[in-house]
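Student:
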Ligand code: ADE
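Numbering (my numbering), first residue to last: 194 to 425.
Written out as structure tokens, the structure reads:
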């Protein structure tokens, strides 16, 4: 099993690469991949940078260069549900892009044209989502499975948050998962997104994000590391 892991920030990847046996660096002009083993799994991890453009570029490069069997987008996110608070984990049943908008020409909000998409929602791999939930439960981490919404916006506003929830029924927001999911779907590669909550995506988010990003990133990294062991 070969697992590709994409994180936006170094803090979201470093606890995964630290667990790799015999890590090797492989660079393409815009990205560095760390290749190694976790348990029996071959793992390739990269830090793509913030936002959907970098995330899409990393997913395409990952697939072309390494042909992973599964791609995981990991890191932190803002909660959109009272079922999740800081340190809990959102697991994607699907991903969507809350800022993708062709409604003026008759499309549904967020609808992207990619194989397997149901309107705005691109389904994540169900078996992987179940495995992530089982691992989190074993570690005593609370999870919520649901749509994860991405956009090129840090959400820190009650109104914007409500609009995303009302339109997409999303449980968490972040800035990369929807792009990783779209590229994976376009290439027929299974994917999932896991996000530990760093903030509430409202007026408190600008303070909470820097205060909790490192600790929450450790939570998602721990679960992804265990996932690699379980799948290897
Ligand atoms: N990642 C973590 N918190 C976020 C937020 N509130 N909005 C977008 N991305 C995030």
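Backbone N, C-alpha and C define an ideal beta-carbon position, used for all residues, glycine too.
Using a threshold of 9 Å, state whether the C-beta atoms of residue 315 and residue 305 are closer than that.
Tutor: Within the chain shown, the letter at position 122 stands for residue 315. Within the chain shown, the letter at position 112 stands for residue 305. Yes. Within cutoff.
Student: Taking the C-alpha atoms as reference points, what is the distance between residue 233 and residue 195?
Tutor: Sequence index remark: in the chain shown, residue 233 carries index 40 (1-based). Sequence index remark: in the chain shown, residue 195 carries index 2 (1-based). Going from the Cα of residue 233 to the Cα of residue 195 covers about 10 Å.
Student: Any heavy atom of the ligand ADE closer than 8 Å to the Cβ of residue 398?
Tutor: For this step, residue 398 is matched to residue 205 along the chain shown. Residue 398 Cβ: within cutoff of the ligand ADE.
Student: Between the C-alpha atoms of residue 341 and residue 214, what's the straight-line distance to the nearest angstrom?
Tutor: Sequence index remark: in the chain shown, residue 341 carries index 148 (1-based). Sequence index remark: in the chain shown, residue 214 carries index 21 (1-based). Answer to the nearest angstrom: the Cα atoms are 31 Å apart.
Student: Compute the Euclidean distance between the alpha carbons of residue 161 and residue 367, then round it to the nearest angstrom.
Tutor: Here the chain has residues from 194 to 425 only, and residue 161 is not among them.
Student: For the segment 347-357 and the segment 371-387, state whether three or more C-beta atom pairs, one from each stretch, are separated by less than 8 Å.
Tutor: No, they do not touch.
Student: Any heavy atom of the ligand ADE closer than 8 Å to the beta-carbon of residue 223?
Tutor: Here residue 223 refers to the residue found at position 30 when the chain shown is read from its first residue. Answer for residue 223: no, Cβ out of range of the ligand ADE.
Student: The ligand ADE and residue 259: does the residue's C-beta get closer than 8 Å to at least one heavy atom of that ligand?
Tutor: Mapped onto the chain shown, residue 259 falls at position 66. No - the ligand ADE has no heavy atom lying nearer than 8 Å to the Cβ of residue 259.
Student: What do you reckon, is the C-beta of residue 290 under 8 Å from a heavy atom of the ligand ADE?
Tutor: Residue mapping note: residue 290 aligns to position 97 of the chain shown, counting from 1. No.
Student: With 16 other CB atoms within 10 Å as the buried threshold, where does residue 309 fall?
Tutor: Here residue 309 refers to the residue found at position 116 when the chain shown is read from its first residue. Residue 309 is exposed by the Cβ-count criterion.
Student: Alpha carbon to alpha carbon, what distance is there between residue 223 and residue 356?
Tutor: What you label residue 356 is simply residue 163 of the chain shown in a count that begins at 1. What you label residue 223 is simply residue 30 of the chain shown in a count that begins at 1. Roughly 34 Å between the two C-alpha positions.
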